[in-house]
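Residue numbers (our numbering): 116 to 216.
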Amino acid sequence: QIHDGERFAVPDFIQFPEDELLEGRRILVVDDVWTRGRNTVTVASRVDAAGGKPDTCVLHYKPASSLYPGHTPTYYAAVTDAYVVYPWELDRGPEAIGMWN
């Protein structure tokens, strides 16, 4: 896809429920952080295309870096521009999560 003249990757789906399982149902799409919004918007769009009614929820919403200025998560716990490191990422080591000393 192209956004403001810039190409960006869209997530590939390895597994996704059949359309008939989503059609007419309310679906909550949950992610830890909305930085660019790419994953959340792509999944919600796919649910919508299948006839589902998606709502989105993230722990941290970063509107300044979002590729989708007209979209926001339905629910979010906090708005931030800070780099977020979650407890479940600590075992990957500082290099893997972008922490340098």
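Quick reminder that beta carbons are idealized off the backbone N, C-alpha and C, glycines included.
Our two residues, E204 and D147, have alpha carbons roughly 11 Å apart in a direct line.
The C-alpha of V158 lies about 7 Å from the C-alpha of V144. Counting along the chain, no beta strand (DSSP E) covers V200, and no H or E run does either. Excluding the 5 residues flanking it on each side, S180 has same chain C-beta neighbours closer than 8 Å at T150, R151, D196, in chain order. A Cβ-Cβ contact shorter than 7 Å links I142 with P169.
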